[in-house]
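So the sequence lines, in the order shown, correspond to chains P and L. Okay, so the first sequence: first residue is 4 according to our numbering, each after it adds one. Okay, so the second sequence: first residue is 4 according to our numbering, each after it adds one. Glycine included, every Cβ here is placed at the ideal spot set by N, Cα and C.
2 protein chains.
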Amino acid sequence: MKGLQQHPLYAMVNPRSLAFFGASNRFSAMGTNQLHSVLSLGFEGPIYPVHPQEKQVLGLTAYQDVMDLPEVPDLAVMVLPTSVVPETLERCGRKGIKRAVIVSGGFNEVGGQGPELQKEIKDIAGRYGIRFLGPNCLGVVNPYHKFNMTFLPFTGQAGFIGFASQSGSFITQMFDYLAGLGIGFSTGFSVGNEADMDIVDCLEYLAQCPHTRVIGLYIEAIRRGRAFIETARRIVPHKPIVAFYVGGSELGKRAGLSHTGALAGPDKLYDGVFRQAGILRARSMTELFDFCLVLGSSPLPQGKRVVIQTHSGGPGAVAADACGRAGLELPAFSPETVGRLAPYVPQTGSLNNPVDLTYARNLEDYFKAIPETLLSEPRADGLLLYLMLPSHPMRRVLSAMGVAEDQIQAQIDQMVAQMAEYLIRLTAEQTKPIIGFSYRARVDKLIGLLQQRGFPVLPSPHRAARAMDALVRYRHLRERFGRQEDRISS
Amino acid sequence: MKGLQQHPLYAMVNPRSLAFFGASNRFSAMGTNQLHSVLSLGFEGPIYPVHPQEKQVLGLTAYQDVMDLPEVPDLAVMVLPTSVVPETLERCGRKGIKRAVIVSGGFNEVGGQGPELQKEIKDIAGRYGIRFLGPNCLGVVNPYHKFNMTFLPFTGQAGFIGFASQSGSFITQMFDYLAGLGIGFSTGFSVGNEADMDIVDCLEYLAQCPHTRVIGLYIEAIRRGRAFIETARRIVPHKPIVAFYVGGSELGKRAGLSHTGALAGPDKLYDGVFRQAGILRARSMTELFDFCLVLGSSPLPQGKRVVIQTHSGGPGAVAADACGRAGLELPAFSPETVGRLAPYVPQTGSLNNPVDLTYARNLEDYFKAIPETLLSEPRADGLLLYLMLPSHPMRRVLSAMGVAEDQIQAQIDQMVAQMAEYLIRLTAEQTKPIIGFSYRARVDKLIGLLQQRGFPVLPSPHRAARAMDALVRYRHLRERFGRQEDRISS
Chain P
4 MKGLQQHPLY AMVNPRSLAF FGASNRFSAM GTNQLHSVLS LGFEGPIYPV HPQEKQVLGL
64 TAYQDVMDLP EVPDLAVMVL PTSVVPETLE RCGRKGIKRA VIVSGGFNEV GGQGPELQKE
124 IKDIAGRYGI RFLGPNCLGV VNPYHKFNMT FLPFTGQAGF IGFASQSGSF ITQMFDYLAG
184 LGIGFSTGFS VGNEADMDIV DCLEYLAQCP HTRVIGLYIE AIRRGRAFIE TARRIVPHKP
244 IVAFYVGGSE LGKRAGLSHT GALAGPDKLY DGVFRQAGIL RARSMTELFD FCLVLGSSPL
304 PQGKRVVIQT HSGGPGAVAA DACGRAGLEL PAFSPETVGR LAPYVPQTGS LNNPVDLTYA
364 RNLEDYFKAI PETLLSEPRA DGLLLYLMLP SHPMRRVLSA MGVAEDQIQA QIDQMVAQMA
424 EYLIRLTAEQ TKPIIGFSYR ARVDKLIGLL QQRGFPVLPS PHRAARAMDA LVRYRHLRER
484 FGRQEDRISS
Chain L
4 MKGLQQHPLY AMVNPRSLAF FGASNRFSAM GTNQLHSVLS LGFEGPIYPV HPQEKQVLGL
64 TAYQDVMDLP EVPDLAVMVL PTSVVPETLE RCGRKGIKRA VIVSGGFNEV GGQGPELQKE
124 IKDIAGRYGI RFLGPNCLGV VNPYHKFNMT FLPFTGQAGF IGFASQSGSF ITQMFDYLAG
184 LGIGFSTGFS VGNEADMDIV DCLEYLAQCP HTRVIGLYIE AIRRGRAFIE TARRIVPHKP
244 IVAFYVGGSE LGKRAGLSHT GALAGPDKLY DGVFRQAGIL RARSMTELFD FCLVLGSSPL
304 PQGKRVVIQT HSGGPGAVAA DACGRAGLEL PAFSPETVGR LAPYVPQTGS LNNPVDLTYA
364 RNLEDYFKAI PETLLSEPRA DGLLLYLMLP SHPMRRVLSA MGVAEDQIQA QIDQMVAQMA
424 EYLIRLTAEQ TKPIIGFSYR ARVDKLIGLL QQRGFPVLPS PHRAARAMDA LVRYRHLRER
484 FGRQEDRISS
């Protein structure tokens, strides 16, 4: 692989300067919205809107012609009507611009002239040595470079998920969704019709991107199968790759076809591709990001033996069921662990796995001594931890203790922060993964605190168990593909 | 079935007065928390705490002995150490109390003396004609009677889900979760060890409860199989029943066993039970409540042909894939519908199903004219509607129009409310179900507004498609079991 800065995608997500085509002062226009996104994240380089009539666009000096720009910008962004894209690209080429993101649609994904036009822009780009993303895409986001040119303003947080998507919506519409899980994109590429740069190029780039700990892919069809597999295989020993393939059902396939004009293959074919490539396959977008969350934030388990800690029988039983369905195992504890746990578990609780502490426990035990003990169990490879910390019992205890009303909330916040701190410290000392689960992310402040600190919490035991299994599977993949790599390089 | 007020469970969820055993002024005690829950929801009848030492409990006059109470209360609630339950129940019987909820654990679900003690309380109850729920349960909630005796205060909203659960956590810990979907319990029963009243009794009660539109069950094991099936079959033509069975995997079964001491059967056996009973089986708690949401709020579709409306190709493709996996069909449109849709769909959009409007649409079309047109398609039985209404483009349009800064938010809110209103009106006129889906429930105000008004919105296309399929399946079940009922009664 080439160095990161030499990669053709580098300037597309780290441009020093921009030519922007298709933004105006008409507020409902797509291009205007996208330029607004760029401005609102505080992009630091010069931006040159190009517009045939306007003197100013969103407060920036506009240029009638790209030839008039005072410098050769790193990147041209085009949100133009289809028919003017070829000549605009031609003029960009003459100006000396070498990179473009072509948002405009109306190419291979539609019938009629579309494919011919796509060939035309590819030819023009070839003549001028322009590399480009799109057409028919929503652009890119790189919060570390304060660069978001997608439709929606960047409202989330910078994170560790490098994402390449055959749907731009799954970048721009997911900022807030990911923030709700405490995660975010490192870099996101909407690849559109992949006339030039494709998902394989994105894989290569994200493999080297220092902010990217895990790579996510939304796939409607893979155009370069062999290159895709070979590239992924080289990456997997170093970074996990998770993919959601939408063509898996007949209906998904048909919808994908009309979306980007790429022909999807049968589900089993893609299963085989992902298996050969060492890629973890997710069953939905939700699962894709769940897997990214834990893969980017957790150590890998040695095996698939999991301990479940709860203070409620039902959530414990459901988590056990979920582990069973996910192919995980629940080991019985060694006598030593049983002995160490006994003082913490009330008569009504259970020393089996799931450990059910019922309600009668003190907080510190639940968040410190007990998970510590469970993680020291040699028969266990990871911990699923049920999280529930309602504030009202604390409120009443403090009130009964005579704490002044105006002090109570602060003291509760402090206690909750302390419990979060115990768990964060525990993860720092651990080589085994811990995944939290809760149904109460809306009300339990603990959940938000943990997520902010990078501790993975999922909103149901089934999602937590599937995510734990993804860690187990990635460990196997990493070992398998790592060994193969050794053989190849030796 | 007996009349609702004659049902033994009636006074347990609609008591006019309570004797409360096991609450004190010790704030960490379970019983104290539960009495606090009762008080905080504003229970309107007299409450008589019984406590050997305290003169007052949480501000209420306490009684040393149940015999001292000034009246015979409708219900005794017991959150007592196991060993004192039998004699307390005995004294309640002597006082003339006929209903009890026994929260205390330490009976069949533990070894040793447990089963013997459970037999003892059953005998005592029998002698005095006491009917009871539990032991080893978390009690009941009936927001319509302002009665919540579960561990957590009632923070949600009264709703239409009648719920009977072999885990109390799935009642008390779900108040907020359900509120996040815009739904709530009508009545919830934590049945515990089912020494007297069991899940079949709850089915009977909920079938007649006027606030209950759909019945949900969390099941670890069914004790009276034949009665369960027969009761459910009588209910299904009138009200849908959804169940999640946790013993479906070997691990779930083991966990359930240690939780309530009931022996679960193999997964296939339960599949057969649910099929014979006409019950929709959910695969997780999440799915259980998703199904309850749509079954309680939507008309039933004539068939399984679904239209998907989006303005994003990716979410459309994913929804199509999800429909395929859920066994739904996506019909092609009749020429008439194509003709009516054409003016609304831009060149970059798609007139196929999914209908992909891309971004360039005006709001009113998306929320009014287009769904109306789609629902009038005779080949379609229901609509999956992608919801996304970010406020920032509205904000910029209003700002450009010269609307004063302090007026902008109010005008946005008004526009969002108007779009919600269109959809609500549409559902009021419709006999076809509409299910919304969105990844942006945290930020798009539209979602919350719709949920408040009873319009179902789910947080992913896969969940929405599965829920639509639940409607299709319930329609079949209702017809099948309704016909059988006709034959029986004729």
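- Per DSSP, the continuous beta strand (DSSP E) segment holding Thr313(L) begins and ends at 309-313.
- An exposed status is given to Thr434(L), since fewer than 16 other beta-carbon atoms sit within 10 Å of its beta-carbon.
- Note that the region 339-358 of chain L does not touch the region 402-411 of chain L; fewer than 3 beta-carbon pairs, one per stretch, sit closer than 8 Å.
- Secondary structure of Asn355(L) (DSSP, three-state): coil.
- The shortest CA-to-CA distance from Gly485(L) to any of Pro243(L), Asn139(L), Leu272(L) is the one to Pro243(L).
- Between Val60(P) and Pro73(P), the gap from beta carbon to beta carbon reaches 8 Å or more.
- Val69(P) and Tyr131(P) have their alpha carbons spaced roughly 15 Å apart.
- The alpha carbon of Ser300(L) has as its nearest neighbour, out of Ser315(L), Gln455(L), Leu272(L), the alpha carbon of Gln455(L).
- Contacts between Thr289(L) and chain P, judged by CB atoms closer than 9 Å, involve Tyr442, Pro462, Ser463, His465, Arg466 in chain order.
- Counting only Cβ-Cβ distances below 7 Å, Gln305(P) has no contacts in chain L at all, with the closest Cβ about 19 Å away.
- The beta carbon of Gly316(P) sits closer than 8 Å to some beta carbon of chain L.
- Within chain L, no C-beta atom comes less than 8 Å from the C-beta of Gln8(P); the nearest is roughly 30 Å away.
- The continuous beta strand (DSSP E) containing Val245(L) extends over residues 244-248.
- Per DSSP, the unbroken alpha helix (DSSP H) holding Gly316(P) starts and ends at 316-329.
- One finds nothing in chain L with a Cβ atom closer than 8 Å to the Cβ of Glu408(P); even the nearest lies about 16 Å away.
- Pro18(L) has its alpha-carbon roughly 10 Å from the corresponding atom of Lys149(L).
- Annotation: Cβ neighbours of Glu223(L) in chain P (cutoff 7 Å, chain order): Ala320.
- In the DSSP assignment, Ser168(P) is bridged to Ser193(P), Tyr221(P).
- For Ala26(P), the closest alpha carbon among the candidates Leu63(P), Ile124(P), Glu90(P) is that of Leu63(P).
- At a cut-off of 8 Å between beta-carbon atoms, Leu390(P) makes no contact with chain L.
- Per DSSP, the beta bridge partners of Asn145(P) are Phe150(P).
- Two segments are said to touch when three or more pairs of C-beta atoms, one from each, lie closer than 8 Å; by this definition the region 472-484 of chain L does not touch the region 422-431 of chain L.
- Three or more beta-carbon pairs separated by less than 8 Å link the region 385-402 of chain L to the region 428-443 of chain L, which places the two stretches in contact.
- The criterion of a C-beta distance shorter than 8 Å is satisfied by Leu331(P) and Ala468(P).
- At a cut-off of 8 Å, the C-beta of Asn36(P) has a neighbouring C-beta in chain L.
- Contact of Arg469(L) with chain P is not assigned, every C-beta pair being separated by 8 Å or more.
- Counted as a single uninterrupted DSSP element, the beta strand (DSSP E) harbouring Met81(L) occupies residues 78-81.
- Residue Asn151(P) holds the alpha-carbon nearest to the alpha-carbon of Gly45(P) among Asn151(P), Gly219(P), Gly165(P), Ala322(P).
- For Phe173(L), the C-beta contacts it makes with chain P under 7 Å involve Gly317, in order along the chain.
- At a C-beta separation below 8 Å, Tyr180(P) has these neighbours in chain L: Tyr442, Arg443, Arg445.
- Taking a Cβ-Cβ cut-off of 8 Å, the neighbours of Leu155(P) in chain L comprise Pro393, His395, given in sequence order.
- Cβ neighbours of Thr91(L) within its own chain (closer than 7 Å, five residues either side excluded): Phe24, Met81, Leu83.
- For the alpha helix (DSSP H) assignment, the uninterrupted runs of no fewer than 4 residues enclosed by the region 358-412 of chain L are, from N- to C-terminal side, 373-378, 395-403.
- Ala444(P) has its alpha-carbon roughly 19 Å from the corresponding atom of Thr158(P).
- Distance from the CA of Arg236(P) to the CA of Lys307(L), rounded to the nearest whole angstrom, comes to 41 Å.
- Chain L has a Cβ within less than 8 Å of the Cβ of Phe30(P).
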